[in-house]
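Report on the structure given below.
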Amino acid sequence: MEYSAMEQYWIWLSSVEGIGVKRFYQLLSIFEDPRAVWDNAGAPEMKFLGKKAMANLRAARDERYFYSLFDALERAKCRAIPRISDGYPALLAEIYDPPATLYVRGDAALDGERMFAIVGSRRCTRDGMRAAREIAAHLAREGVAVVSGMARGADTCAHEGALDGHGRTVAVLGCGVDVAYPPENAGLAERILDAGGALVSEYPPGTPPNAGHFPARNRIISGLTHGTLLVEGAKGSGAMITVNFALEQGRDVFAVPGSIYSPLSAIPNRLIVDGAKPAISAWEILDFYRWAEKPRDLPVSPPAVSLDAEEEKIVVPLTEQELSFEELRNLTQFPPAKLNSHLTMLELRGIIIKVPGGMYRAYLDQGRM
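The working numbering puts the first residue of the sequence shown at 6, with every later residue one more than the last.
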């Protein structure tokens with residue numbers, strides 16, 4: 006990829022270790038542009054950088070460093086988009102502290118009209134994983150690019166759902182775009198790229214996944230998008246950090262409601278009480294932005310499943326609450342062997358699931374029976 010001379014100096018300055026967003030813009034408030042920073046590296050006006058960052062800047066003022074940086078971009082099959090570039094996403098440029106440079110692998114446009122974020126807990130429940138995956142898939146089918154952080158749990162499900170919906174998805178990373186993190190998502194990263202999506206970071210190629218990078222990257226997830234959906238999340242979680250950034254940036258916030266007794270639904274429920282938009286499906290999002298019109302003949306409930314009388318005795322109570330094996334035995338009066346046989350078959354059919362604590366619950370609503 007070709008860059009103008011000024012873009013090259015901009016990318017160079019933003020790549021120097023210790024020159025974060027705040028220091029980058031502080032330098033530009035003192036000097037005319039990044040080329041002037043190169044020419045004046047070590048000047049007294051730079052004392053606010055501190056000894057380590059100053060030493061890094063001086064060391065980076067070297068042609069070998071300069072050219073090796075752009076060689077690294079080529080090797081990582083990555084393009085850099087400095088904020089002064091026409092290709093920099095307009096929505097992201099509006100936030101308080103936009104990244105000086107974005108590093109991007111993949112072909113997905115980052116300035117699309119339909120960009121939406123889905124985030125949630127790394128330790129989300131089965132329902133949370135299902136909600137993230139199904140809502141993302143529906144949005145993708147309507148041409149919405151789903152943005153998330155490729156973390157374990159809900160983020161991974163959101164990306165997978167978008168791929169299931171044959172759409173584009175963008176993963177914002179807290180490491181270099183050529184670094185697989187978490188390691189088990191290396192295959193997912195390749196699937197995202199193969200499907201026309203993108204991997205995005207404000208950190209140069211080769212940057213390891215340092216813990217301090219992840220809270221900052223969350224402002225990019227919300228900043229790239231019109232709105233953010235919180236599927237599940239506990240207080241202080243990375244997902245909640247993304248929601249707070251969205252609120253600060255004036256972006257829309259949606260939340261999936263859940264049980265008032267579920268710790269992971271406490272924050273989404275509170276957000277809804279405080280004014281967030283409840284989302285029980287993708288339609289709440291699509292309707293809000295007028296990205297799709299809900300069909301008038303849309304079925305009220307999914308297709309029915311066939312249950313015999315004995316299976317109904319098990320499944321109906323489980324649509325209302327989670328029950329243990331002993332509680333089901335007392336309700337149905339089935340012998341243990343018979344109940345166990347029914348439970349096994351219902352699990353295999355995907356009608357019920359076993360949840361933590363040895364409890365069972367139905368994986369469908371009463372409208373399907």
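A virtual CB, placed ideally from N, CA and C, is assigned to each residue, including glycine.
Quiz prompt | Which listed residue (PHE121, TYR101, LEU78) has its alpha carbon closest to that of ARG110 | solution = From the listed residues PHE121, TYR101, LEU78, the smallest Cα separation to ARG110 is found for LEU78.
Exercise. Quick one: grab the DSSP three-state call for MET245.
Key: DSSP places MET245 in helix when its eight states are reduced to three.
Quiz prompt | 8 angstroms Cβ shell around MET134 - same chain, five flanking residues per side excluded | solution = Excluding the 5 residues flanking it on each side, MET134 has same chain C-beta neighbours closer than 8 angstroms at GLY158, ALA159, CYS162, in chain order.
Exercise. Kindly identify the DSSP beta-bridge partner or partners of GLY232.
Key: Partner residues in the beta bridge of GLY232, as assigned by DSSP, are PHE121, ASP257.
Quiz item: So, is SER306 buried or exposed, given that buried needs 16 or more other C-beta atoms within 10 angstroms?
Solution: Because the pLDDT at SER306 is just 49, under 50, the model does not fix this residue reliably, and the value given afterwards should be weighed accordingly. A residue is called buried once 16 or more other Cβ atoms fall within 10 Å of its Cβ, and SER306, having fewer, is exposed.
Exercise. For LEU328, collect the residues of the same chain with a Cβ closer than 7 angstroms to its Cβ; drop the 5 residues on either side in sequence, then sort them by chain order.
Key: Excluding sequence neighbours, LEU328 sits near PRO322, MET364, TYR365.
Self-check item: Where LEU323 falls: helix, strand or coil (DSSP)
Solution: Three-state result, LEU323: helix.
Quiz prompt | Segments assigned beta strand (DSSP E), at least 3 residues, entirely inside the segment 166-208 | solution = Listed in chain order, the complete beta strand (DSSP E) runs (minimum 3 residues) inside the segment 166-208 are 174-177, 203-206.
Quiz item: With ALA136 and VAL236 assumed to form a contact (beta carbons below 8 angstroms), what rounded beta-carbon distance in angstroms separates them?
Solution: Indeed they touch by this definition, with Cβ atoms about 5 angstroms apart.
Quiz item: How would you call ARG275, buried or exposed, if buried means at least 16 neighbouring beta carbons within 10 angstroms?
Solution: The residue in question, ARG275, is exposed, as its Cβ has fewer than 16 Cβ neighbours within 10 Å.
Quiz item: Using CA coordinates, which residue listed in GLN254, PHE29, ALA239 is at the minimum distance from TYR266?
Solution: It is ALA239 whose Cα lies nearest to the Cα of TYR266.
Practice problem: Could you round the C-beta distance between THR174 and ALA185 to whole angstroms and report it? I think they count as a contact, below 8 angstroms. | Solution: No, THR174 and ALA185 are not in contact; Cβ-Cβ is about 16 angstroms, not under 8 angstroms.
Quiz item: Which runs of the beta strand (DSSP E), 3 residues or longer, sit entirely within the segment 52-137?
Solution: Complete beta strand (DSSP E) runs here, min 3: 84-87, 106-111, 120-124.
Exercise. Could you tell me the distance, in whole angstroms, from the CA atom of ALA314 to the CA atom of ASP132?
Key: If you take the alpha carbons of ALA314 and ASP132, they lie about 27 angstroms apart.
Practice problem: Output the boundary residues of the beta strand (DSSP E) element that contains LYS359. | Solution: Segment 357-360, the beta strand (DSSP E) holding LYS359.
Exercise. Would you mind giving the Cβ-Cβ distance between GLY172 and VAL149, rounded to the nearest angstrom? I have them listed as a contact below 8 angstroms.
Key: So it is a contact: roughly 7 angstroms between Cβ atoms.
Self-check item: Run of the beta strand (DSSP E) containing ARG334, from where it starts to where it stops
Solution: Unbroken run through ARG334 is the alpha helix (DSSP H), 330-337; no beta strand (DSSP E).
Practice problem: Starting from ALA367, follow the beta strand (DSSP E) in both directions and report where the run begins and ends. | Solution: Element bounds for ALA367: 364-367.
Exercise. For LYS240, name the three-state secondary structure that DSSP assigns.
Key: Three-state result, LYS240: coil.
Quiz item: Using DSSP with H/G/I as helix, E/B as strand and the rest coil, what is PRO220?
Solution: Helix, per DSSP.
Self-check item: Given LEU351 as reference, the closest of THR337, GLU317, ASN45 once Cα atoms are compared
Solution: Ranked by Cα distance from LEU351, the first of THR337, GLU317, ASN45 is GLU317.
Quiz prompt | Beta-bridge pairing of VAL152 - partner residues as DSSP gives them | solution = Bridge partners of VAL152: ALA122, VAL175.
Quiz item: Could you give the distance in angstroms between the alpha-carbon of LYS56 and the alpha-carbon of ALA122?
Solution: Going by the C-alpha atoms only, they are around 38 angstroms apart.
Quiz item: Taking the continuous alpha helix (DSSP H) assigned at ASP377, which residues delimit it?
Solution: A query on residue 377 cannot be resolved here, the shown segment of the chain reaching from 6 to 374 and no further.
Quiz item: In its own chain, which residues sit with a C-beta less than 7 angstroms from the C-beta of GLU189, not counting the 5 before and 5 after it?
Solution: Take GLU189, set aside five residues on each side of it, and no residue of its chain has a beta-carbon closer than 7 angstroms to its own.
Quiz prompt | Closest residue to ALA105 among LEU178, ARG256, ILE246, PHE29 (Cα-Cα distance) | solution = The shortest Cα separation from ALA105 among LEU178, ARG256, ILE246, PHE29 belongs to PHE29.
Quiz prompt | Any non-hydrogen atom of the ligand NAD closer than 8 angstroms to HIS164 Cβ | solution = This structure lacks the ligand NAD, and indeed carries no ligand of any kind.
Quiz item: For LYS299, does the three-state DSSP call read helix, strand or coil?
Solution: DSSP places LYS299 outside both helix and strand once states are collapsed to three, so it counts as coil.
Quiz item: How close, in whole Å, do the beta carbons of GLY228 and ILE100 come, if the pair is a contact with beta carbons under 8 angstroms?
Solution: For a cut-off of 8 angstroms, the C-beta gap from GLY228 to ILE100 is around 4 angstroms, short enough to register as a contact.
Quiz prompt | Bridge partners - PRO283, DSSP secondary structure assignment | solution = Beta-bridge pairing links PRO283 to ALA260.
Quiz item: Apart from the five residues just before and just after THR130, which ones in its own chain have a Cβ nearer than 8 angstroms to its Cβ?
Solution: Excluding positions up to five away in sequence, the list reads GLU237, SER267, LEU269, VAL360.
Quiz item: Around the C-beta of LEU353, are 16 or more other C-beta atoms found within 10 angstroms, so that it is buried, or is it exposed?
Solution: By the 10 Å Cβ count, LEU353 comes out exposed.
Quiz item: Under a Cβ-count criterion, where at least 16 other Cβ atoms within 10 Å of its own Cβ denotes burial, should GLY255 be classed as buried or exposed?
Solution: Classification of GLY255: exposed, given that the 10 Å Cβ count is below 16.
Practice problem: May I ask you to report which of helix, strand or coil DSSP gives MET6? | Solution: Three-state result, MET6: coil.
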